[in-house]
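Chains as they are written, first to last, in my numbering: chain A, 275 to 611; chain B, 275 to 611; chain C, 275 to 611. So the structure is just underneath, and the comments pick up after that.
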Amino acid sequence: MALTANELAEFLGAKLMGDGSSIVSGVALPENAKAQDLVYVDSARYELRAEESSANCVLAPEGLPLKNKTILVVDNPKLAFAKASTRLLPTYLPTPGIHSSAIVASSARIMSSVFVGPFVVIEDEVEIGEGAVIEAFCFLGRGSSIGERCRLHPRVTLYAGAKLGSRVEVHSGTVIGSDGFGYVFGEGRHWKFPQIGTVEIGDDVEIGSNTTIDRGSLGVTRIEAGVKIDNLVQIAHNVSIGAHSIVASQTGISGSSSLAENVTLAGQVGIADHCKIEEGVLVGAQGGVPSGKTIRKGQTVWGTPARPLEKFKKQYAALASLPGLVGRIESLEKPKR
Amino acid sequence: MALTANELAEFLGAKLMGDGSSIVSGVALPENAKAQDLVYVDSARYELRAEESSANCVLAPEGLPLKNKTILVVDNPKLAFAKASTRLLPTYLPTPGIHSSAIVASSARIMSSVFVGPFVVIEDEVEIGEGAVIEAFCFLGRGSSIGERCRLHPRVTLYAGAKLGSRVEVHSGTVIGSDGFGYVFGEGRHWKFPQIGTVEIGDDVEIGSNTTIDRGSLGVTRIEAGVKIDNLVQIAHNVSIGAHSIVASQTGISGSSSLAENVTLAGQVGIADHCKIEEGVLVGAQGGVPSGKTIRKGQTVWGTPARPLEKFKKQYAALASLPGLVGRIESLEKPKR
Amino acid sequence: MALTANELAEFLGAKLMGDGSSIVSGVALPENAKAQDLVYVDSARYELRAEESSANCVLAPEGLPLKNKTILVVDNPKLAFAKASTRLLPTYLPTPGIHSSAIVASSARIMSSVFVGPFVVIEDEVEIGEGAVIEAFCFLGRGSSIGERCRLHPRVTLYAGAKLGSRVEVHSGTVIGSDGFGYVFGEGRHWKFPQIGTVEIGDDVEIGSNTTIDRGSLGVTRIEAGVKIDNLVQIAHNVSIGAHSIVASQTGISGSSSLAENVTLAGQVGIADHCKIEEGVLVGAQGGVPSGKTIRKGQTVWGTPARPLEKFKKQYAALASLPGLVGRIESLEKPKR
């Protein structure tokens, strides 16, 4: 997609400085950019990097006079860059149609604008909305449903009854709706607690590769609109995740825990069962929240068990001084002469 | 499956209070239940929740007089609920037969009661026992074997020679029998240590989604009967796991470590190589057991390196007071006037 | 493959003691070995184990006189054993050819010595070098390329444009080239930062099962030659990993971090974004390196945040004594009589 700098400025609400007829048709890092690629620079620190770039057009904050460039002045250049990318970058969309090798139940309801790739299996009563792309080796179990313009990359499994909203993107190898991990021990063995609930994914959710999201045991596992989930994440039965929350790679959320809106879990975080993570909380990487705990609105926590960041830092600094303290106490204990 | 309350009471060894002819045909949470769903209540705390439910029949402990309900009195209502579910819930069992798209080696021995789904690949000398269900995209490598009534959900990989007992359930995306991670460094590169052993999974094991279980290097990786393994778990070469142990999500067990019977590893636990985890041990979430360590029978441990829970708690509480201690030591060090 | 002890000694540069005409045709543990299996013994501690073995030939260090054995004396028996295995063990290589069920774009360039298994999907402009083995259910996206003698086990996904060098082995379920996890928050939602870069894997790399490696956002994710990556590892966008580094299971490396050569990350390690891990560093299991940190050449670090091992051990020992220190300070604070 090619736009003029003027058109792009209008789309972004940016102030234009320079040649409004410059053509922009891609995005790149300053050092790799060609003349028509859009680049961005966050701060004066990277001014030279932008000036030496071959790109004609640069997104920059106010007060950064770049020589020989057409500048689109915005408050948040990185944000504007991401927004511009949605216009400039081609989305690879295969031609709609069902590949001859796909196996599709006659009771499935699939819109004509849908692409179904090779070796896809679609079971009974599945529904797929307009413009969805279902790539090779996807398995859509009985009664699962997929909203408009969803994209399932190769090799996604939906267990029976899983529900995806619109514009959900799921990367390769991810499993949605498998049985939760719940057993009751008795008579010398583990009896499986019923895992017959459902899983519902809201609009505009993106889910990475090889992630696992279990169905509810008797209730629902629910991911609200706009949530972004990274690779290799585990989401257990009956978990709920509020809108626009972020869950980074290799994080695990145990059964029946809930995240409110705009929560951020960094990488390798563990949330034990029945926790309540309130709005806007940030849990630092590898942090662990023990069973049943609540983390209050807006807090930033770190460590295992997770505690407020300032407390963690103070304790950590004190720990570094601890070996020295032992000696100081010994000195104090010595009888004074 | 529909049963009368009388029949269910007999199956569970429960004492019946109320209408023994009530029909029960499903299970549910109290708030979602229909009249014929069985519900359970663990303690007096949830009495109201059960009473307000539409369910006719309730599993409850002794001494909980629920109004207008048929009560099945048991010691452990949750256990009885899980047991009842094995009778009441329909198991979706596809009609036996081999899907026309499956590719099956002529030397494979497959019982006639087996279901083989679309796009399954079954290599030479594979054996599959009575009543097994092998769903779409499963890959059964040369010489692998699967016992009676196993269920492989879509997209399970068995490397050559992997052996599963009876009634083993494996969820989507799991890989069993891949090469272990063993190298010897020399002459400036890593030489692969031979990974030519086997993997053996006992009866009644359940394994979650996207889990990985490596074959032995020269020996065997062994999972004993009744073990339950969650999603995204890593089990390395030559590991052994004793009967009825529980391994929660994202836990990793390194090469040649052994777990005895009835061990519980919570989520994101790490067991380094050559550890010995004795019977009944519980390792708390994110705990880490260093290379070569033994955790003695029945202990509960937490932290990295893992230590007895009471010790961990004491140290953790002391750590919280540590920043204050520094100030107290400084006061003591001040010359007294 | 069968060799005489003489031939093997020559291949390994070993000193032969005993019958040079002994035939060796496999490798095994001493206790499982048959007469023609090669075994190794590292130290005098395992002398008896080797002597009681049925194996005729033993790799051993200098000065270990094993009775009735043909001994191949080497400096590093385990290394020699791994090297010998590359000669002795048969590599299962399927007959070249493209399975009739595979779907291969006409623009793909595939050497005649390549094996393509059942249900493989190969998109436009893919290139596959001599002797490569692509097993069932692999998906090779547009323009991806695979060097000579690579082996992709069943169910590997390469996103469009992913590049693999020669002799790369990738285990089942691994995803290479999926979108990185990058968003910019604004106007109440997360905008996806463009994830249009590439991923390049060097020669002789081995990658375990169900691992995920994201493409660069605008740049490149790069894994250099000889790197070994275990199961369930996460490698984010724009990461670079230097030659011969080792990344153990369930470790995660966040965006734009770089590892130099010969780095070792143990299991469940977390490297946050924009870190620099210098040559020869070892990060202990479950260690965590915070955002933007550098770990200097040759250091061994442990803990979260990661610190030098000696410091970690001292702090940990001091922590164990901390509950006692509290009491000692209280004693000191008591007014002396």
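Idealized CB from N, CA, C, for every residue including glycine.
In this structure, A:ILE481 and A:THR431 do not form a Cβ contact; the two beta carbons are roughly 12 Å apart against a cut-off of 8 Å.
Listed in chain order, the non-local C-beta contacts of C:CYS331 below 6 Å within the same chain comprise ALA279, SER296, VAL298, LEU312 and THR344, local neighbours out to five positions each way being set aside.
Taking the CA atoms as reference points, C:LEU438 sits about 10 Å from C:ARG425.
Close to A:VAL442, with beta-carbon spacing below 9 Å, lies no residue of chain C; the smallest spacing is near 13 Å. Proximity of chain B to C:GLU404 at the Cβ level (cut-off 9 Å) is not reached, the minimal Cβ distance being about 21 Å.
Of all alpha-carbon atoms in A:LEU282, A:PRO579 and A:TYR314, the one lying nearest the alpha-carbon of C:LEU492 is that of A:TYR314. With a threshold of 16 other beta carbon atoms within 10 Å, A:GLY601 falls short and is exposed. For A:TYR457, the enclosing beta strand (DSSP E) starts and ends at 457 to 460. Contact between C:LEU539 and C:VAL513 does not hold, since the beta-carbon distance rounds to 12 Å and is not under 8 Å. Per DSSP, the continuous alpha helix (DSSP H) segment holding A:GLU321 begins and ends at 321 to 325.
The Cβ-Cβ distance between A:PRO564 and A:PRO579 falls below 7 Å.
The criterion of a C-beta distance shorter than 7 Å is not satisfied by A:ALA354 and A:LEU303. Taking a beta-carbon distance threshold of 7 Å, A:ARG602 counts as an interface residue toward chain B.
Beta-bridge partners assigned by DSSP to A:MET291: A:ILE345.
What C:PRO428 touches in chain B, judged by beta-carbon distance under 7 Å, is PHE413 and THR431, going in chain order. The beta carbon of A:ARG496 sits closer than 6 Å to the beta carbons of GLU474 and SER514 from its chain, once the five residues preceding and following it are set aside; these are given in chain order. In this chain, the alpha helix (DSSP H) harbouring A:ILE603 covers 583 to 607.
DSSP places C:SER359 outside any beta strand (DSSP E); the residue lies instead in the alpha helix (DSSP H), whose first and last residues are 351 to 362. Listed in chain order, the non-local C-beta contacts of A:ALA307 below 6 Å within the same chain comprise VAL313, SER327, SER328 and ALA329, local neighbours out to five positions each way being set aside.
In the pairwise beta carbon analysis, the region 410 to 420 of chain B is classified as not touching the region 456 to 467 of chain B: fewer than three pairs are separated by under 8 Å. DSSP places B:GLU305 in the helix class (H, G or I) of the three-state scheme.
Using a Cβ distance threshold of 7 Å, C:ILE545 and C:SER531 count as a contacting pair. C:ALA434 places its beta carbon 7 Å or farther from that of C:ILE450. For the pair B:ASN484 and A:ASN484, the CB atoms are nearer than the 7 Å cut-off. For C:LEU338, there is no enclosing alpha helix (DSSP H), since its DSSP letter is neither H nor E.
Within the region 468 to 514 of chain A, complete beta strand (DSSP E) segments of at least 3 residues are found at 472 to 475, 486 to 488 and 494 to 497, given in chain order. Excluding five sequence positions before and after A:GLY294, the CB atoms of its chain that fall closer than 8 Å to its own CB belong to THR278, ALA279, ASN280, ALA283 and THR344, given in chain order.
Membership of A:LEU286 in the alpha helix (DSSP H) is indicated by the continuous run 279 to 286. Residues of chain C whose Cβ lies closer than 8 Å to the Cβ of A:LYS502 are, in chain order, PHE455, TYR457 and HIS464. In this structure, C:PRO339 lies away from C:ASP316, with their beta-carbon atoms at least 7 Å apart. B:VAL395 reaches chain C at GLY391, PRO392, PHE393, ALA410, PHE411 and PRO428, counting residues in chain order whose Cβ is nearer than 8 Å. Within chain A, the residues whose beta carbon sits less than 7 Å from that of B:LYS352 are VAL458, listed in sequence order. In this structure, the CA atom of B:LYS610 is about 12 Å from the CA atom of C:LYS610.
Straight-line measurement puts the Cα of C:VAL400 at about 17 Å from the Cα of A:GLY391. Where C:LEU367 is concerned, there is no enclosing beta strand (DSSP E), because DSSP gives it neither an H nor an E. Counted as a single uninterrupted DSSP element, the beta strand (DSSP E) harbouring C:SER452 occupies residues 449 to 452.
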